[in-house]
């Protein structure tokens, strides 16, 4: 749903930035959180792999799960 020019100017007057800037900010925060989650997933996989407490199929499933969810979320956020 698009905002009318009156709504856009009211938003900009109240917030101090445009709605497009707000969209960029929140999208960037969401992608940043997804990437931090990915760092946590892959570091956990590495720690389990290094101590031989994680089997290869479990590591592959965890990595694939993160990759699929990352692709879905980036498609939803960036489209």
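Residue numbers (the UniProt record's numbering): 1 to 79. Here a beta-carbon is modelled for each residue, glycine too, at the ideal position from N, C-alpha and C. Keep in mind it's a predicted model, so treat the numbers as computed, not measured.
Roughly how far, in whole angstroms, is the beta-carbon of residue i from the beta-carbon of residue j, given that I think they are within contact range, below 8 Å?
i: residue 59; j: residue 45; result: 5 Å
i: residue 34; j: residue 76; result: Not quite, the Cβ-Cβ distance comes to about 11 Å (not below 8 Å), so this is no contact.
i: residue 3; j: residue 19; result: 6 Å
i: residue 70; j: residue 38; result: 6 Å
i: residue 22; j: residue 15; result: 7 Å
i: residue 41; j: residue 56; result: Contact doesn't hold; Cβ gap of about 16 Å is too wide.
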